[in-house]
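K.L.:
Residue numbers for the sequence shown follow the numbering used here, so the first one is 7 and each next one is one higher.
All residues carry an ideal CB built from backbone N, CA and C; glycine is no exception.
Attaching a single structure in structure tokens format; questions to follow.
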Amino acid sequence: MRSALSASFLSLSSFKLPDRVHRFVCPLAAFALCLSSCKRNEPAGEATPAPAPAEATPQPTTPAPSIPPAPSTPVAVVATPAPAPHNPPPAEIWKEFSGPKAFEHVTKQVEIGPRPSGTQEAEKARALITEALKAAGWDVERQEFTDDTPRGKIAFVNLIARFSASGAHPAPADAQQVILCSHYDTKRFSTIRFVGASDGASSTGALMEMARVLALDPAFAAKFELVFFDGEEAIQQFTDTDGLWGSRYYAKSLNASGRARQFKQAILWDMIGDKDLTITLSPDSPLALAKGIFSAAEALGVRQNFGYYGREILDDHRPLGKDAHVPAIDLIDFDYIYWHTADDTLDKLSPDSLQKVGAVTLYYLKHEFGNK
Ligand SMILES: [Zn+2]
């Protein structure tokens with residue numbers, strides 16, 4: 007079933023060359039074909055009627071959590087209500103990753119509705135992410151920028167989270183060694199209501215859960231920079247100048263600040279929620295990273311869920327690797343027939359898939375960076 011569908015997708019690709027083809031690094035001949043015949047592959051045949059534009063129905067942002075009134079008699083003030091870490095930290099931290107908890111975050115992202123860059127809904131997505139990160143004790147930086155897009159100027163916002171091992175805030179920006187990232191925006195469609203359950207929400211919810219788990223071990227958490235990218239999706243169609251808006255800007259900022267040098271690796275999650283989990287690594291993945299991920303999957307008994315894709319995949323890991331020179335891998339399930347359709351909905355997802363990817367990533371990271 008899967009391989010048949012996959013095969014039909016590939017043969018379709020070679021004729022219609024949908025938008026996603028731009029996410030592959032085509033051989034030269036195919037690339038020339040891309041240039042001449044690529045067109046946006048919105049699923050116009052979908053029965054779902056077009057909804058009102060997402061930005062037409064602004065809603066109030068999530069209110070800040072209420073603060074209890076101050077007592078009348080002075081008491082010792084606790085400055086940061088961060089949760090107490092495990093003492094000692096869990097030795098097998100990958101066992102702490104909860105698929106159901108991640109799935110709760112995914113559900114809340116999807117419930118916002120479509121979340122394209124520059125909309126009120128994208129801001130609501132950020133509010134939920136920020137709230138969860140801060141509740142777990144992370145400092146959150148908003149990296150804001152405006153860029154000229156095929157739809158005019160759009161304001162983008164990356165969220166960058168760092169953890170302070172010492173308790174001093176804001177956390178220093180020179181201690182991180184590994185970037186863990188996801189995009190939270192969803193692709194804008196005019197013909198369908200696209201909520202991006204796997205494409206946008208799954209990896210975002212899982213990374214929010216990752217923040218909670220890492221915080222159980224402050225010294226370990228301080229080694230990571232969590233980045234939630236805006237604007238992964240092309241505004242119209244993928245080209246060198248459309249798509250990957252947030253990751254291109256972030257990579258540029260790493261170079262400009264000189265921070266690119268401090269990072270040894272980057273792991274990107276994208277589309278990791280499919281019930282039928284098939285992580286499809288791009289063939290150009292850094293070998294050491296791919297080996298480490300496969301070994302972790304083997305150790306946790308889920309090796310059958312991890313393999314390679316037939317062609318190279320262009321995603322947010324690319325600017326990190328090519329522009330900032332940080333070895334970067336994309337854990338993505340691109341064998342997902344609901345990709346960029348109105349059917350990329352919660353019922354296609356499983357908490358178990360989030361659990362597998364979360365645990366494998368943590369197992370790898372703990373063995374690679376836990377004692378350094
Ligand atoms: Zn997408």
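(1) Which residue marks the beginning of the alpha helix (DSSP H) containing residue 251, and which one marks its end?
(2) Any idea what DSSP makes of residue 168, helix, strand or coil?
(3) Give me the Cα-Cα distance between residue 113 and residue 119, rounded to the nearest whole angstrom.
(4) Tell me whether residue 318 sits in a helix, a strand or coil according to DSSP, three-state version.
(5) Is the segment 215-224 touching the segment 289-300 in the sense that three or more CB pairs, one from each, lie closer than 8 Å?
(6) Quick one: does the C-beta of residue 127 sit closer than 7 Å to a heavy atom of ligand 1?
(7) Taking the DSSP output, what are the residues bridged to residue 232?
(8) In the DSSP assignment, what residue or residues form a beta bridge with residue 149?
(9) To the nearest angstrom, how far is the alpha carbon of residue 69 from that of residue 236?
(10) Kindly indicate which three-state DSSP category residue 115 falls into: helix, strand or coil?
(11) Cα-Cα, which of 193, 168 and 213 is closest to residue 134?
(12) Please look up how many angstroms separate the CB atoms of residue 192 and residue 201, rounded, as I've assumed it's under 8 Å.
(13) Find the nearest neighbour of residue 128 within the set 175, 176 and 194, judged by alpha-carbon distance.
(14) Would you tell me roughly how many angstroms separate the C-alpha atoms of residue 255 and residue 164, rounded to the nearest one?
(15) Do you know whose CA, among 233, 377, 144 and 196, lies nearest residue 209's CA?
(16) Could you tell me how far apart the beta carbons of residue 182 and residue 230 are, in whole angstroms, since I believe they sit closer than 8 Å?
(17) DSSP puts residue 345 in a beta bridge; with which residues?
(18) With DSSP as the reference, identify every bridge partner of residue 210, one or two as the case may be.
(19) Measure the Cβ-Cβ separation of residue 306 and residue 366 and say whether it is below 8 Å.
(20) Do you know how far the Cα of residue 154 is from the Cα of residue 263?
(21) State the Cα-Cα distance for the pair residue 279 and residue 357, rounded to the nearest angstrom.
(22) If you reduce the DSSP assignment to three classes, tell me which class residue 350 lands in.
(23) Short of 6 Å in beta carbon distance, which residues of its chain neighbour residue 257, apart from the five on each side in sequence? Order them along the chain.
(24) Less than 7 Å separating the Cβ of residue 193 from some heavy atom of ligand 1?
(25) What are the boundary residues of the beta strand (DSSP E) that residue 338 is part of?
(26) Beta-carbon within less than 7 Å of residue 1's beta-carbon, same chain only, minus the 5 sequence neighbours each way: which residues are those?
(27) Just tell me which of 370, 352, 315 and 377 has its CA closest to the CA of residue 116.
(28) In or out: residue 242 buried (at least 16 other Cβ within 10 Å) or exposed?
(29) Please classify residue 193: does DSSP put it in a helix, a strand, or coil?
(30) Quick one: what does DSSP say residue 2 is sitting in, helix, strand or coil?
(31) When the Cα of residue 277 is compared with those of 206, 260, 335 and 251, which residue comes out closest?
(32) What does residue 276 pair with, by DSSP beta-bridge criteria?
(33) Is residue 312 helix, strand or coil by DSSP?
P.N.:
Taking the definition as stated:
(1) 251-263
(2) strand
(3) Spanning the two alpha carbons is a distance of roughly 10 Å.
(4) In this structure, residue 318 counts as coil in the three-state DSSP scheme.
(5) no
(6) It does not: the Cβ of residue 127 is nowhere closer than 7 Å to a heavy atom of ligand 1.
(7) Residue pairing by DSSP places residue 232 opposite 167 and 186 in a beta bridge.
(8) In DSSP, residue 149 forms a bridge with 164.
(9) Caution is warranted here: a pLDDT of 36 is assigned to residue 69, below 50, making its placement in the model unreliable, and no coordinate value can be reported.
(10) In this structure, residue 115 counts as helix in the three-state DSSP scheme.
(11) 213
(12) 7 Å
(13) Selected option, being the one with the closest Cα: 194.
(14) Cα atoms of residue 255 and residue 164: separation of roughly 9 Å, rounded to the nearest angstrom.
(15) 233
(16) 6 Å
(17) For residue 345, DSSP records no beta bridge to any residue.
(18) According to DSSP, which records beta bridges pairwise, residue 210 is partnered with nothing at all.
(19) In this structure, residue 366 lies closer than 8 Å to residue 306 by Cβ.
(20) 23 Å
(21) 7 Å
(22) coil
(23) 325, 326, 329 and 330
(24) yes
(25) 334-338
(26) Residue 1 lies beyond the stretch modelled for the chain, which goes from 7 to 378, so this question has no answer here.
(27) 352
(28) exposed
(29) Coil, per DSSP.
(30) Outside the displayed span of the chain (7 to 378) sits residue 2, for which this structure offers no information.
(31) 206
(32) 338
(33) In the structure shown, the three-state DSSP call for residue 312 is strand.
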